[in-house]
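J.:
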Amino acid sequence: TSRHAGSRAIVTGAASGIGAACVAQLRAEGAEVVGFDMQPGEGITVVDVADETAVIRAVVEAERQLGGAPTVLVCAAGIYPCVPLLEMTGAAWHQTFAVNVSGSMFCAREAVITAKRAGTDLSIVLFSSVGAYRSDWSEPSAAYCATKAAITSLARSMAGEWAPFGVRVNALAPGLIDTPMLRRTADSEAGAAAIRDRIPLGRLGAGEDVARVACFLTSDEAAYMTGSTVTVDGGYLVR
Ligand code: NAD
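Just so you know, we're using this note's numbering here: the sequence shown kicks off at 323 and counts up by one.
The following block contains the structure:
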């Protein structure tokens with residue numbers, strides 16, 4: 323499909339996992355894409371999304387590289403620290419919110435400012451998680467789950483505030499997706515099998531499973547969707 327022909331996209335977390343899959347899928351559908359990540363890589367602008375000043379500069383630079391204001395923003399950068407609350411330091415707590423929540427807000431705000439100035443429409447996808455709805459994971463991830471619940475709320479607030487400017491904002495709540503983030507916590511075959519048992523569709527998700535939905539949400543096919551959080555989890559939450 324070429325439904326993203328003419329789209330100009332920024333994807334954060336573009337060097338790995340779901341973000342990298344979103345870059346590939348958007349390009350396959352015809353979009354021009356600039357990737358943001360802390361890790362360097364091909365076609366990646368190195369930026370820490372939690373650094374407000376760096377984000378402001380990076381979005382200006384992305385507008386130049388794309389040859390116009392972004393029409394698509396996918397905020398997939400995120401961190402998943404596994405620390406029990408009783409061992410959680412203030413610094414680790416704040417860092418989780420700084421990257422997952424503030425990072426998404428800074429990128430979205432700057433993209434909207436840029437699109438508004440140019441008079442172009444913009445569609446944003448933020449990343450929540452099934453962890454926003456249930457926290458029975460084997461890993462202690464309270465801070466992460468709280469940030470992902472915050473994202474579903476943020477998507478609704480942004481949708482309302484920015485609709486008058488031609489901006490749509492939705493969130494994706496992936497289930498268990500086979501990416502480096504997941505493998506850092508469930509790297510054994512036994513761990514993977516235990517995870518599969520909790521998924522009605524009987525397999526982990528792939529980055530592409532999520533990227534295809536992100537491309538749909540940011541396309542005109544989803545023109546009447548804003549403020550939603552869409553689950554892409556192989557049925558994980560129905561159990
Ligand atoms: P990943 O760890 O494979 O990739 C995340 C990328 O974000 C990495 O390239 C990392 O360098 C980058 N990043 C981290 N902190 C950054 C910062 N401060 N500034 C810029 N870049 C930064 O993770 P993934 O599995 O691809 O996850 C993508 C998104 O999907 C995340 O928001 C994650 O919380 C969410 N998610 C993932 C799963 C899963 O099972 N993998 C499930 C639910 C939600």
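Cβ coordinates follow ideal geometry from the N, Cα and C atoms, glycine included.
(1) Would you report the Cα separation of Ala566 and Ile517, rounded to the nearest angstrom?
(2) Among the residues of its own chain, which have a CB less than 7 Å from the CB of Leu498, if the five just before and after it don't count?
(3) Three or more C-beta pairs closer than 8 Å, one from the region 423 to 438 and one from the region 363 to 379: is that the case here?
(4) Would the C-beta of Phe428 count as close to the ligand NAD, meaning under 7 Å from any of its heavy atoms?
(5) For the putative contact between Val369 and Thr436, defined by C-beta atoms under 8 Å, what is the C-beta separation to the nearest angstrom?
(6) Shortest alpha-carbon distance to Ala343 belongs to which of Val560, Asp555 and Gly529?
(7) Would the region 460 to 479 and the region 387 to 404 be scored as touching if the rule is three or more Cβ pairs under 8 Å?
(8) Is the beta carbon of Pro486 within less than 7 Å of some heavy atom of the ligand NAD?
(9) How do the region 444 to 455 and the region 408 to 417 stand: do at least 3 beta-carbon pairs fall below 8 Å, yes or no?
(10) Check whether the Cβ atoms of Phe449 and Leu494 sit closer than 8 Å, and answer yes or no.
(11) Grouping DSSP H, G and I as helix and E and B as strand, with all else coil, what is Val491?
(12) Could you give the distance in angstroms between the alpha-carbon of Ala384 and the alpha-carbon of Pro362?
(13) Residues bridged to Leu395 by DSSP?
(14) Roughly how many angstroms separate the alpha carbons of Val345 and Val333, rounded to a whole number?
(15) Just checking Thr334 against the ligand NAD - is the residue's beta carbon closer than 7 Å to any of the ligand's heavy atoms?
(16) Is Leu388 near the ligand NAD, with its Cβ less than 7 Å from a heavy atom?
(17) Going by other Cβ atoms of all chains shown within 10 Å of its Cβ, with 16 needed for buried, is Thr267 buried or exposed?
(18) List the endpoints of the continuous alpha helix (DSSP H) containing Asp531.
(19) Evaluate Val532 with the Cβ neighbour count: other Cβ atoms within 10 Å of its Cβ, from every protein chain shown; 16 or more gives buried, anything less gives exposed.
(20) Taking the alpha carbon of Ala468 as the reference point, which residue from Met547, Gly339 and His416 has its own alpha carbon closest?
(21) So which of Met360, Cys397, Gly400 and Val356 has the shortest CA-CA distance to Arg386?
(22) In whole angstroms, give me the CA-to-CA distance for Ser541 and Val447.
(23) Could you round the C-beta distance between Gly268 and Leu523 to whole angstroms and report it? I think they count as a contact, below 8 Å.
(24) So, Ala331 versus Glu364, is the Cβ gap smaller than 8 Å?
(25) So is Gly425 buried or exposed if we call it buried at 16+ other beta carbons inside 10 Å?
T.: Let me spell this out:
(1) In the structure as shown, the chain starts at 323 and stops at 561, and residue 566 therefore has no counterpart that could be examined.
(2) Leu504, Ile517, Ile521, Leu526, Gly527 and Tyr558
(3) yes
(4) no
(5) Not confirmed; about 15 Å, so no contact.
(6) Ranking the options by Cα distance to Ala343, first place goes to Gly529.
(7) Yes, they touch.
(8) no
(9) no
(10) yes
(11) strand
(12) Taking the straight line from one Cα to the other gives about 16 Å.
(13) Ile332 and Ile446
(14) 7 Å
(15) yes
(16) no
(17) A question about residue 267 goes unanswered here, because the residues of the chain that appear run from 323 up to 561.
(18) Gly529 to Leu539
(19) buried
(20) Ala468 has its Cα closest to that of His416, out of Met547, Gly339 and His416.
(21) Nearest of Met360, Cys397, Gly400 and Val356 to Arg386, Cα basis: Val356.
(22) The straight-line gap from Cα to Cα measures roughly 11 Å.
(23) Absent from the structure is residue 268, since the part of the chain shown begins at 323 and ends at 561.
(24) no
(25) buried
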